[in-house]
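Presented below is the structure to which this report refers.
In the working numbering, the protein residues as written are 25 to 678.
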């Protein structure tokens with residue numbers, strides 16, 4: 025990580041700030057041990073020192089972390105994140121650090137928040153420091169000083185790294201995505217249920233870093249046409265666009281628009297890892313039903329530079345979604361363009377139609393792979409490494425050995441004009457329960473999409489949008505949704521968060537917020553409205569009711585949910601219940617991401633191993649009735665309480 029040749033030397037110690045996400049600005053030596061004190065302690069066991077006594081420390085340092093955009097004209101007052109490395113001059117000494125210029129975070133640290141550390145070589149996994157930190161405020165109440173102590177490792181070459189919370193850098197992301205890609209490419213494709221995985225650079229950041237876009241689905245409903253290369257996007261000309269999918273809704277998930285909110289990366293990783301599982305029936309159904317568009321890091325420049333909240337020009341990127349600029353906010357510009365493109369089911373905006381080279385003659389030539397156009401045919405037309413793994417086989421072999429993407433049900437003759445088009449108009453009202461399939465009809469031909477279930481028809485090509493975040497003040501894991509003035513939309517919006525509380529022990533449904541005020545509140549720090557956040561802007565752009573921000577506290581929660589067993593586990597399956605909320609770790613955040621999978625399928629009763637039948641609600645209808653009752657109680661409330669408050673008053677007494 026750190027380069028030993030580039031460090032801050034102070035008191036014989038080396039302090040490192042020259043790596044991805046580091047942001048140490050300055051170091052000052054406060055205390056040097058006296059010789060006789062050091063000699064006396066060396067003859068005693070280390071336990072002679074009390075961590076509660078400042079006199080017990082051998083060394084003490086004051087440290088300053090960098091502001092966001094430190095030393096530039098865009099410098100601002102965000103100073104919560106810190107990340108640095110230190111190599112001690114003497115092994116085994118007891119050291120105190122004072123980080124003296126942080127933003128005030130009294131609430132979080134009073135609730136037990138601790139920084140994290142790891143040692144290289146030696147203790148390679150991040151964990152919270154063992155001694156509880158202390159904190160003070162200056163007389164003005166503006167600068168917050170966090171103090172903590174540690175024993176230097178016995179290995180004189182070891183570097184100890186400290187961070188505000190569990191880091192996940194841009195370098196970590198690129199390495200992680202390479203490992204995922206290698207894992208996918210090792211597999212041979214044997215059925216339509218296998219993982220379709222495509223990674224590409226959607227756009228470059230202001231400083232030239234990749235904003236990755238990942239596409240995940242199955243091979244069900246895959247077409248022979250690739251997505252369009254949108255104007256001013258997809259700069260890597262050697263990277264092909266992914267294939268389009270017919271009649272599959274898009275689920276769009278993004279993370280790390282705020283660089284210091286690293287829990288969002290672990291939630292993202294948990295969801296991604298769950299989604300590419302080839303054996304899990306829930307993951308298989310998710311890939312059959314949906315196309316997932318995933319952006320793991322919206323603000324790579326801010327991450328690399330160790331910012332807490334802003335980009336390299338001091339902009340809160342989660343406030344510019346209403347009208348992002350290609351020049352000033354390229355990653356948000358790209359995200360919004362993609363959302364609009366998928367909302368309109370792969371239709372280009374008018375300003376892109378003339379110049380886009382992928383349009384052809386302007387006719388919609390989207391075709392669906394049927395039994396006469398096997399996956400093998402795609403291999404002949406593409407250099408995509410993933411599809412090159414497909415084994416060529418005859419039609420008879422395919423029918424015999426593996427499920428098809430499409431089975432022909434009528435005339436074998438195919439005409440491009442006969443292929444059903446659009447975002448769901450061809451779905452039958454009744455699905456065949458025997459094989460969980462639905463018919464896709466046009467005037468002259470009928471196709472059956474195997475195993476994809478039946479989805480509700482909506483105008484948008486999008487089904488769900490979630491932007492992942494971390495949270496410093498409110499405890500727990502929760503969601504923000506948008507406000508609606510009618511029961512149907514309100515209950516639809518509240519349904520996914522409620523299902524999350526049934527599928528994850530640390531999700532706090534009663535901490536969720538669906539108020540109008542939370543859509544338009546002005547931030548005190550930057551004076552910008554939440555109307556420009558991804559959640560609100562996506563709703564205004566698309567009308568999508570399922571548009572959310574998912575928030576994870578850095579430290580812990582208020583409660584733990586009692587999680588019912590899954591159907592296949594049986595009602596007598598014991599589910600371990602923890603009554604005290606745990607300290608949150610990457611594993612806890614990843615479990616939140618994994619819980620999104622079954623919760624999404626529960627929305628449409630497509631979860632093959634649901635917890636709902638063993639819950640107190642018994643079914644999806646029961647959950648909806650629960651939410652409806654709360655809404656009715658609010659409407660009939662004589663005292664005019666807010667929707668948010670009254671609903672949750674009712675929920676607590678259910």
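For glycine and all other residues, C-beta sits at the position ideal for the given N, C-alpha and C.
Within a Cβ cutoff of 6 Å, which residues of the same chain sit near residue i, ignoring the five residues on either side of it in sequence?
{"i": "residue 277", "result": "318 and 490"}
{"i": "residue 259", "result": "228"}
{"i": "residue 98", "result": "337 and 338"}
{"i": "residue 346", "result": "556 and 561"}
{"i": "residue 303", "result": "none"}
{"i": "residue 546", "result": "553"}
{"i": "residue 533", "result": "521, 522 and 525"}
Where does residue i fall in DSSP's three states?
{"i": "residue 123", "result": "strand"}
{"i": "residue 25", "result": "coil"}
{"i": "residue 557", "result": "coil"}
{"i": "residue 512", "result": "helix"}
{"i": "residue 571", "result": "strand"}
{"i": "residue 280", "result": "coil"}
{"i": "residue 151", "result": "strand"}
{"i": "residue 268", "result": "strand"}
{"i": "residue 533", "result": "helix"}
{"i": "residue 31", "result": "coil"}
{"i": "residue 142", "result": "strand"}
{"i": "residue 410", "result": "Its pLDDT being 42, under 50, residue 410 is placed unreliably in this model, and the value from its coordinates should be taken loosely. Correct three-state label for residue 410: coil."}
{"i": "residue 551", "result": "coil"}
{"i": "residue 636", "result": "helix"}
{"i": "residue 332", "result": "coil"}
{"i": "residue 646", "result": "helix"}
{"i": "residue 562", "result": "helix"}
Any idea if residue i is buried or exposed, counting beta-carbon neighbours within 10 angstroms, 16 or more meaning buried?
{"i": "residue 306", "result": "buried"}
{"i": "residue 149", "result": "exposed"}
{"i": "residue 603", "result": "exposed"}
{"i": "residue 181", "result": "exposed"}
{"i": "residue 115", "result": "exposed"}
{"i": "residue 251", "result": "buried"}
{"i": "residue 33", "result": "exposed"}
{"i": "residue 101", "result": "exposed"}
{"i": "residue 354", "result": "buried"}
{"i": "residue 384", "result": "Because residue 384 sits at a pLDDT of 40, beneath the cut-off of 50, its placement in the model cannot be relied upon, and the following sentence gives the value as read from the coordinates. Flag for residue 384 reads exposed."}
{"i": "residue 586", "result": "exposed"}
{"i": "residue 56", "result": "exposed"}
Comparing alpha-carbon positions, which option in the options lies nearest residue i?
{"i": "residue 624", "options": "173, 309 and 116", "result": "309"}
{"i": "residue 22", "options": "592, 579 and 542", "result": "Here the chain has residues from 25 to 678 only, and residue 22 is not among them."}
{"i": "residue 194", "options": "151, 326 and 163", "result": "326"}
{"i": "residue 530", "options": "626, 291 and 517", "result": "291"}
{"i": "residue 352", "options": "231, 31 and 314", "result": "231"}
{"i": "residue 590", "options": "343, 266 and 642", "result": "642"}
{"i": "residue 25", "options": "45, 584 and 35", "result": "45"}
{"i": "residue 321", "options": "332, 288 and 348", "result": "288"}
{"i": "residue 313", "options": "121, 488 and 370", "result": "488"}
{"i": "residue 263", "options": "253, 152, 348 and 270", "result": "253"}
{"i": "residue 542", "options": "364, 51, 504 and 343", "result": "504"}
{"i": "residue 131", "options": "270, 279 and 495", "result": "495"}
{"i": "residue 540", "options": "549, 551, 509 and 548", "result": "509"}
{"i": "residue 592", "options": "573, 234 and 636", "result": "636"}
{"i": "residue 154", "options": "160, 163, 141 and 162", "result": "141"}
{"i": "residue 257", "options": "315, 236 and 86", "result": "236"}
In the DSSP assignment, find the unbroken beta strand (DSSP E) run with residue i in it and report its ends.
{"i": "residue 242", "result": "Where residue 242 is concerned, there is no enclosing beta strand (DSSP E), given that its DSSP letter is neither H nor E."}
{"i": "residue 494", "result": "486–495"}
{"i": "residue 290", "result": "Note, residue 290: premise wrong, no beta strand (DSSP E); alpha helix (DSSP H) at 287–299."}
{"i": "residue 195", "result": "Not the beta strand (DSSP E): residue 195 falls in the alpha helix (DSSP H), residues 194–209."}
{"i": "residue 222", "result": "220–228"}
May I ask you to check if the CB of residue i is nearer than 6 Å to at least one heavy atom of the ligand PLP?
{"i": "residue 142", "result": "The ligand PLP is not among the ligands present in this structure, which contains no ligands whatsoever."}
Short of 8 Å in beta carbon distance, which residues of its chain neighbour residue i, apart from the five on each side in sequence? Order them along the chain.
{"i": "residue 652", "result": "511 and 515"}
{"i": "residue 567", "result": "483 and 484"}
{"i": "residue 145", "result": "179, 181 and 182"}
{"i": "residue 208", "result": "219, 221, 300 and 410"}
Can you give me the start and stop residues for the alpha helix (DSSP H) that residue i sits inside?
{"i": "residue 131", "result": "130–134"}
{"i": "residue 86", "result": "Not the alpha helix (DSSP H): residue 86 falls in the beta strand (DSSP E), residues 83–89."}
{"i": "residue 614", "result": "610–626"}
{"i": "residue 184", "result": "Careful: residue 184 lies outside any alpha helix (DSSP H), inside the beta strand (DSSP E) at 183–187."}
{"i": "residue 328", "result": "324–328"}
{"i": "residue 319", "result": "Per DSSP, residue 319 belongs to no alpha helix (DSSP H); it is in the beta strand (DSSP E), 314–319."}
Ordered along the chain, which non-local residues of its own chain (more than five positions away) have a Cβ less than 7 Å from that of residue i?
{"i": "residue 157", "result": "133, 138, 139, 170, 171 and 172"}
{"i": "residue 456", "result": "Unreliable positioning characterises residue 456 in this predicted model, as indicated by a pLDDT of 33, which lies under 50. A coordinate reading is not provided."}
{"i": "residue 95", "result": "none"}
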